[in-house]
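J.: Below are the structure tokens for one structure; questions will follow.
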Amino acid sequence: MSCCRSQISVQTAAAVCWSLLVLCGMALLRAEETDRKILPAAPAEQAAVGQGWRIVPQGALTLPDHAPDADGKQVLITGLSGIAWLGEDRYASVLDNSNHVLLFRLSLSQVGKPLEVRSLSIVTLAEAHDYEDLVACPTDTALAYEKKPAQARPGDTHRTAFEAVFICDEDTPAIRIFSLADGNLLGTVPLPPLLSSRRDNRGLESLTIDPDHSNLWTANEEALAEDGPLATVGAGTVVRLVRLPVPSPAGVPEKSKTAAQESRNFQAAYKVDPPHRFVRIFGGEPLSGLSALVSLGNGQLLALERSGGPGLPPFANRIFIVDTTEAVDVSKIQSDLHSREECFAPKRLLWADSLGVNLEGFCLGPTLADGNRALIAIADNGGIATPNQLVGLQLVPPPEPYSRTVVGAACAIIAISLLLGRMSSVGTRRLTNP
């Protein structure tokens, strides 16, 4: 009798345990649903900026020294400053202090290592400026500006449809829209007046576009004259990250612009790190500035900082992830931005290396075999006889967090399976032991 009671007690206890496990699983499911419906998101300052993002270098590839223009004339490739992905294996790079854009095709390995560059050609732009960066212009925007799209030349391997690019320069400063078919100027993007106070050779250096093509982002390389000092040994500089809505062509009535479009104009303060440490070899002052931006969407940016020094190593490159979602809009702050530390957008270092090259720009490329994104950086000859290079990087996103929904469901399934197995075992013993 006592043996039977003991068996029943063990079975009862086991059943209670399985029941509690099921209830825990269901509670986790309900908690997940409650979080989605009721609980507010954690404040940005309480979470690590860009937690989980990583950058993995994949190697470099040297570019040729010349490329032909539309007339077959060989153009010297020098002063590369900015790179844009045009889709598939097609890219464009702009040459500073010129009227040239370099088009080329680039083959990548499955992990994003540059393997081969081919089909190089030069597009001659309608105007020459100190161009610094470029990004592909959405097709519908480009077609809206271009009344008579130029036809691609026979044998042109770069364009499958009419294409254009936004290009920023730091001498005017300005953001212009150019056709890649013939180099014609299609339009310009209005800029905040304060950006005209840029220092010489420290103006608009970067340009990117949100993945949904709603906004452009640009920034000055080092502080505006009104905002604070340039970078020096041991001290960085403060620049403005400027968000601008992708513009409509001339002739579109101003009243058609919605309040939402107007509200997309935004500026965030960004603190650039000081110049890197170096062994001085000759005279001169070091520099450190924001060289390029890549938009990840939802207010997150990758920022390429580049510093130079009169010694070894001559250059250093740093990539940060920046979160502007909770940043203060500093559009109304017209001076002394460097003193407003409470306004600085948070950032986190993802990668740093001197590489011995002068990284001028970078862009997102295609999705790789493992689901990560290619990140292609470009280095010019830097004025010190280093080669023009393409540097391959792999952008690794944060791992998917374990969802309490999944954990709860798994607990419930395991508990039910074990309980059914236990009941089946007990029933079998009863049938075999009358």
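Taking the working numbering, I'd label the letters of the sequence shown as residues 248 to 681. Where is the CB? At the ideal position from N, CA and C, for every residue including glycine. Since this is a predicted model, take the numbers as computed values, not measurements.
1. Output the residue ranges of the alpha helix (DSSP H) runs that lie fully inside the region 542–624 and measure 4 residues or longer, sorted by chain position.
2. Taking the alpha-carbon positions, what's the valine 341 to valine 348 distance?
3. Would you call the region 307–317 and the region 605–616 touching, i.e. three or more CB-CB distances under 8 angstroms?
4. Quick one: any contact between the region 472–484 and the region 440–447, if contact means 3 or more CB pairs under 8 angstroms?
5. Tell me, to the nearest whole angstrom, how far the beta carbon of isoleucine 422 is from that of leucine 454; I am working on the premise that it is less than 8 angstroms.
6. So tyrosine 378 packs on isoleucine 330, CB below 8 angstroms; how close in whole Å?
7. In chain order, what residues of the same chain lie with their CB nearer than 7 angstroms to the CB of glutamine 357, ignoring the 5 residues before and after it?
8. Sorted by chain position, which residues of the same chain lie with C-beta nearer than 8 angstroms to isoleucine 302's C-beta, five sequence neighbours on each side aside?
9. Assess, as a yes-or-no matter, whether the region 480–491 is touched by the region 530–544 under the definition of 3 or more beta carbon pairs within less than 8 angstroms.
10. According to DSSP, is serine 443 part of a helix, a strand, or is it coil?
11. Specify the secondary structure class of aspartate 416 as computed by DSSP and reduced to three states.
12. Quick one: measure Cβ to Cβ for valine 577 and alanine 515, integer angstroms, because I've assumed they're closer than 8 angstroms.
13. Please specify which runs of the beta strand (DSSP E), each continuous and at least 3 residues long, are wholly inside the region 284–350, giving them in chain order.
14. At the level of alpha carbons, what is the spacing between proline 297 and proline 557?
15. At what residues does the alpha helix (DSSP H) containing alanine 391 begin and finish?
16. Do phenylalanine 351 and leucine 367 have their CB atoms nearer than 8 angstroms?
17. Does phenylalanine 529 come out as helix, strand or coil in the three-state DSSP assignment?
18. For glutamate 588, which of Glu393, Asn462, Lys518 has the nearest alpha-carbon?
19. Should asparagine 545 go down as buried or exposed, given a rule of 16 or more other Cβ atoms within 10 Å for buried?
20. Between the alpha carbons of alanine 274 and glutamate 335, how many angstroms are there, rounded?
21. Can you tell me which residues form a DSSP beta bridge with leucine 432?
22. Buried or exposed: where does valine 638 fall if 16 or more other Cβ atoms within 10 Å of its Cβ makes it buried?
23. Please state whether DSSP places alanine 515 in a helix, a strand or coil.
24. Skipping 5 residues on each side, what residues in its chain have a beta carbon closer than 6 angstroms to that of glycine 359?
25. Looking only at C-alpha atoms, which of Ala550, Arg511, Gly555 sits nearest to glycine 531?
26. Hey, quick one: how far does the beta strand (DSSP E) through proline 492 stretch, first residue to last?
27. Is the Cβ-Cβ distance between cysteine 384 and alanine 411 less than 8 angstroms?
28. Reducing DSSP to helix, strand and coil, say where asparagine 467 ends up.
29. Of the residues Thr465, Thr484, Thr386, which one's Cα is nearest the Cα of serine 586?
30. If you check the beta carbons only, do valine 569 and leucine 548 fall under 8 angstroms apart?
31. Determine the direct distance from the alpha carbon of valine 604 to that of proline 645, and round the result to whole angstroms.
32. Which of helix, strand or coil does DSSP assign to asparagine 462?
33. Quick one: what's got a C-beta closer than 7 angstroms to threonine 388's C-beta in the same chain, skipping five residues either side?
34. Exposed or buried, threonine 281, counting other C-beta atoms within 10 Å across all chains shown (16 or more means buried)?
T.: Answer, in terms of the structure:
1. No alpha helix (DSSP H) of 4 residues or more sits fully in the region 542–624.
2. Counting from one through the sequence shown, the residue named residue 341 turns up at place 94. Counting from one through the sequence shown, the residue named residue 348 turns up at place 101. So the two alpha carbons sit approximately 4 angstroms from each other.
3. no
4. yes
5. Against the sequence shown, residue 422 aligns to sequence position 175. Against the sequence shown, residue 454 aligns to sequence position 207. Correct: roughly 7 angstroms between the Cβ atoms.
6. By 1-based counting over the sequence shown, the position of residue 378 is 131. By 1-based counting over the sequence shown, the position of residue 330 is 83. Contact flag wrong, Cβ pair sits at about 12 angstroms.
7. Start at 1 with the first residue of the sequence shown, and residue 357 comes out as number 110. Contacts found: Leu615, Ala616.
8. Reading the sequence shown from its first residue, position 55 is the one you call residue 302. Hits under 8 angstroms: Ile566, Leu597, Trp598, Leu622, Leu640, Gln641, Leu642, Val643.
9. yes
10. If you number the sequence shown from 1, residue 443 lands on position 196. Helix at serine 443.
11. For the purposes of this step, residue 416 is taken as residue 169 along the sequence shown, with counting starting at 1. Looking at aspartate 416 - three-state DSSP - the assignment turns out to be strand.
12. Here the question's residue 577 lines up with position 330 in the sequence shown. Here the question's residue 515 lines up with position 268 in the sequence shown. That belief holds up - the Cβ atoms of valine 577 and alanine 515 are roughly 7 angstroms apart, short of 8 angstroms.
13. Segments of the beta strand (DSSP E) lying fully in the region 284–350: 301–309, 313–315, 321–323, 327–334, 337–342.
14. Position 50 of the sequence shown, counted from the first residue, corresponds to residue 297. Position 310 of the sequence shown, counted from the first residue, corresponds to residue 557. The residue asked about is misnamed: residue 297 is glycine in this sequence, not proline. Computed Cα separation, rounded: 33 angstroms.
15. Taking the first residue of the sequence shown as position 1, residue 391 is located at position 144. From DSSP, the alpha helix (DSSP H) with alanine 391 extends over 386–392.
16. The residue you call residue 351 lines up with position 104 of the sequence shown. The residue you call residue 367 lines up with position 120 of the sequence shown. Contact: yes.
17. Position 282 of the sequence shown holds residue 529. Residue state, collapsed to three classes: coil.
18. Here residue 588 refers to the residue found at position 341 of the sequence shown. The shortest Cα separation from glutamate 588 among Glu393, Asn462, Lys518 belongs to Lys518.
19. In the sequence shown, counting from the first residue as 1, residue 545 sits at position 298. Counting Cβ neighbours within 10 Å, asparagine 545 comes out exposed, since fewer than 16 surround it.
20. As a first step, residue 274 is located in the sequence shown; it is residue number 27 there, counting from the start. As a first step, residue 335 is located in the sequence shown; it is residue number 88 there, counting from the start. In this predicted model, alanine 274 has a pLDDT of only 45, less than 50, meaning its place in the structure is not dependable enough to derive any value.
21. Indexing the sequence shown from 1 puts residue 432 at position 185. In DSSP, leucine 432 forms a bridge with Phe425.
22. Sequence index remark: in the sequence shown, residue 638 carries index 391 (1-based). Buried: at least 16 other Cβ atoms inside 10 Å.
23. If you number the sequence shown from 1, residue 515 lands on position 268. DSSP, reduced to helix, strand and coil, places alanine 515 within a strand of the structure shown.
24. As a first step, residue 359 must be located in the sequence shown, where it is residue number 112. Result list for glycine 359: Gln305, Leu615, Ala621, Gly639, Gln641, in chain order.
25. Within the sequence shown, numbered from 1, the residue matching residue 531 stands at position 284. It is Gly555 whose Cα lies nearest to the Cα of glycine 531.
26. Within the sequence shown, residue 492 is the residue found at index 245, counting from 1. From DSSP, the beta strand (DSSP E) with proline 492 extends over 484–492.
27. On the sequence shown, residue 384 is found 137 positions in, with the first residue counted as 1. On the sequence shown, residue 411 is found 164 positions in, with the first residue counted as 1. Taking 8 angstroms as the Cβ cut-off, cysteine 384 and alanine 411 qualify as a contacting pair.
28. As a working note, residue 467 is residue 220 in the sequence shown. Here asparagine 467 sits in strand by DSSP.
29. By 1-based counting over the sequence shown, the position of residue 586 is 339. Across the set Thr465, Thr484, Thr386, the C-alpha of Thr484 shows the shortest separation from the C-alpha of serine 586.
30. For the purposes of this step, residue 569 is taken as the residue at position 322 of the sequence shown. For the purposes of this step, residue 548 is taken as the residue at position 301 of the sequence shown. Yes.
31. Numbered from 1 along the sequence shown, position 398 holds the residue referred to as residue 645. Numbered from 1 along the sequence shown, position 357 holds the residue referred to as residue 604. C-alpha separation (whole angstroms): 28 angstroms.
32. Taking the first residue of the sequence shown as position 1, residue 462 is located at position 215. Three-state DSSP puts asparagine 462 in a strand.
33. Locating residue 388 in the sequence shown gives position 141, counting from the first residue. If we look at threonine 388 and ignore the five residues flanking it on each side, its Cβ neighbours are Val493.
34. Within the sequence shown, residue 281 is the residue found at index 34, counting from 1. Here threonine 281 scores only 35 on pLDDT, less than 50, and its place in the model is too uncertain to base an answer on.
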